[in-house]
Each structure stands twice: as structure tokens, then as C-alpha cells.
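For the record, the sequence lines run as chains B and Z.
Position 109 of the first sequence, counting from 1, maps to 109 under my numbering, and the rest follow consecutively.
Position 56 of the second sequence, counting from 1, maps to 56 under my numbering, and the rest follow consecutively.
Built from N, CA and C at the ideal position, the CB exists for glycine as well.
In this text, all values refer to a predicted model and were calculated from it rather than measured experimentally.
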Amino acid sequence: DAGVIQSPRHEVTEMGQEVTLRCKPISGHNSLFWYRQTMMRGLELLIYFNNNVPIDDSGMPEDRFSAKMPNASFSTLKIQPSEPRDSAVYFCASSSNPVRSQYFGPGTRLLVL
Amino acid sequence: AQKVTQAQTEISVVEKEDVTLDCVYETRDTTYYLFWYKQPPSGELVFLIRRNSFDEQNEISGRYSWNFQKSTSSFNFTITASQVVDSAVYFCALSEETSGSRLTFGEGTQLTVNP
Chain B
1 DAGVIQSPRH EVTEMGQEVT LRCKPISGHN SLFWYRQTMM RGLELLIYFN
51 NNVPIDDSGM PEDRFSAKMP NASFSTLKIQ PSEPRDSAVY FCASSSNPVR
101 SQYFGPGTRL LVL
Chain Z
1 AQKVTQAQTE ISVVEKEDVT LDCVYETRDT TYYLFWYKQP PSGELVFLIR
51 RNSFDEQNEI SGRYSWNFQK STSSFNFTIT ASQVVDSAVY FCALSEETSG
101 SRLTFGEGTQ LTVNP
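(1) Going along chain Z in order, which residues have a C-beta closer than 8 Å to the C-beta of Tyr90/B?
(2) Compare the beta carbon distance of Pro40/Z and Ala93/Z with 7 Å and say whether it is the shorter of the two.
(3) Mind the definition here: the segment 17-25 of chain B touches the segment 69-88 of chain B only if three or more C-beta pairs lie below 8 Å; say whether that holds.
(4) Leaving out the 5 sequence neighbours to the left and right, which residues in its chain are closer than 8 Å to Val19/B when beta-carbon positions are compared?
(5) Of all the beta strand (DSSP E) runs that stay within the bounds of the segment 7-43 of chain Z, which reach a length of 3 or more residues?
(6) Out of Gly108/Z, Ser99/Z, Ala1/Z, which has the shortest C-alpha to C-alpha gap to Glu10/Z?
(7) Below 7 Å on C-beta distance, what does Gly107/B contact in chain Z?
(8) Relative to the alpha-carbon of Leu45/B, which residue among Thr112/Z, Pro115/Z, Phe105/Z has its alpha-carbon at the smallest distance?
(9) Candidates Phe49/B, Thr108/B, Gly59/B, Ser58/B: which alpha carbon is nearest Lys68/B's?
(10) Comparing alpha-carbon positions, which option in Leu43/B, Asn52/B, Val4/B lies nearest Val89/B?
(11) Could you run through the segment 21-33 of chain Z and flag, in chain order, every residue whose CB is less than 8 Å away from some CB of chain B?
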């Protein structure tokens with residue numbers, strides 16, 4: 001069975017550019033989570049969806065960040081405009097329900113120059 | 001507020017040694033879930049185990065074992081007969097039922113197993 005799929009795996013962009021990260025959850029999972037990992041802040045939840053509906057976006061750092069889940073098999077995290085401090089590894093995770101174990105994708109390593 | 005503390009930033013052992021990774025948590029909820037994840041040098045996060053607050057039974061899976069003690073708010077992880085492939089960062093995490101699905105992670109423990 002395929003796990004959580006994320007693309008791209010690596011992204012290098014210049015400050016001010018728009019960045020879109022993509023995630024395909026495990027089939028049948030109806031909860032999806034976006035996390036960010038940095039040396040300074042560790043792993044932190046940005047937003048999570050249940051049945052395609054955003055439930056908790058309190059971790060989204062600011063208005064430059066937005067996330068969507070148009071259907072059960074696809075989600076995007078967009079940063080516009082990007083800034084150097086957004087450089088991090090962004091993980092997507094999914095679970096079969098909100099309190100079940102979360103399975104993580106391989107992550108997207110983002111570098112904003 | 002929920003909090004997870006992994007006091008050991010780095011641990012270095014020699015292959016075949018046993019090693020215990022400590023995890024202490026704080027929560028006001030009576031229903032909560034504890035997790036361990038492994039992050040090898042390749043960077044992915046690998047799920048290892050999930051326990052709920054009502055199940056204090058210790059668990060063993062091969063060389064891995066977990067000791068959950070509510071009295072001390074600890075959920076420690078032991079690797080028996082460590083191997084080089086166990087080298088990774090290990091994260092303990094907590095989720096409170098009242099906080100929805102927010103996973104709060106500890107800072108992680110970097111385990112290095114030397115040959």
C-alpha cells in the first residue's frame with residue numbers, strides 16, 4: 001500500500017515567490033495534517049483537516065500561509081510570498097480518524113533564498 | 001496545556017548495548033494518547049507506537065519495549081541489543097482528546113549507535 005505522498009521532495013526558491021506543497025494522504029484516511037520542522041521550533045502542527053474540512057488552523061504562522069483540501073485524496077499548502085524564515089521541512093500526515101495514529105509522508109525540504 | 005519533555009538531547013552507545021530513551025509528559029486531560037516516532041538520517045518520520053491513557057500495560061515489539069507509568073507521567077522507550085540501524089532521532093508525542101488531534105512533540109533524542 002502506498003503511504004502518504006508529498007511533492008516536491010525538495011524546493012529551492014527566491015524570497016517573494018509563491019510556493020505550493022502537495023500531499024496525497026493514505027487511501028481511506030479522512031484526517032490530514034500539515035507540520036513544519038525547524039531546528040529552532042522542532043515539529044509543530046500548522047493545520048489539520050477532518051473529512052476535507054479545516055478543523056484547527058491555529059498553528060498557521062500568518063496570512064502568507066494557506067491550506068486547502070479540495071477532496072479526500074489531495075491537499076495543498078501554499079506560501080505567498082515566501083520568506084527565508086519559511087525554510088524548513090514540511091510534513092504531511094494522515095490518519096483514519098483524528099485520534100488515531102498519524103502516518104507521515106517523506107517531507108518537503110524547502111529553502112527560501 | 002500539554003507538554004512533552006525529552007531531557008536527553010543526545011545518547012551515544014556501542015552496538016549491542018541496551019538504551020532507554022526517556023519521555024515525560026504533562027496534561028490535564030484524563031484521556032490522552034502517547035506516541036513514539038523515529039526519524040532516521042533520511043528524514044522521514046516513522047510511526048513506532050501509540051498508547052492511550054487507559055492502557056498502562058507495557059509493550060514489547062522485537063527489540064523495542066515501552067514502559068508507560070501514569071504515576072510518574074512517563075512513557076519510556078527501551079531498545080535492547082542496539083544496532084547501528086537504530087541510529088536516529090526519536091520523538092515522543094502527546095495528543096489530548098480535548099485538544100483534538102494536535103500532536104505535541106518533544107524535542108527529540110538523537111541516538112547514535114556505534115559499531
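Judging by the given coordinates:
(1) Here the premise fails: no neighbours, minimum Cβ distance about 12 Å.
(2) no
(3) yes
(4) Glu11, Thr13, Lys78, Ile79, Gln80, Ser82, Asp86, Leu110, Val112
(5) 10-14, 19-21, 24-26, 32-39
(6) Gly108/Z
(7) Gly43, Glu44
(8) Phe105/Z
(9) Phe49/B
(10) Leu43/B
(11) Tyr33
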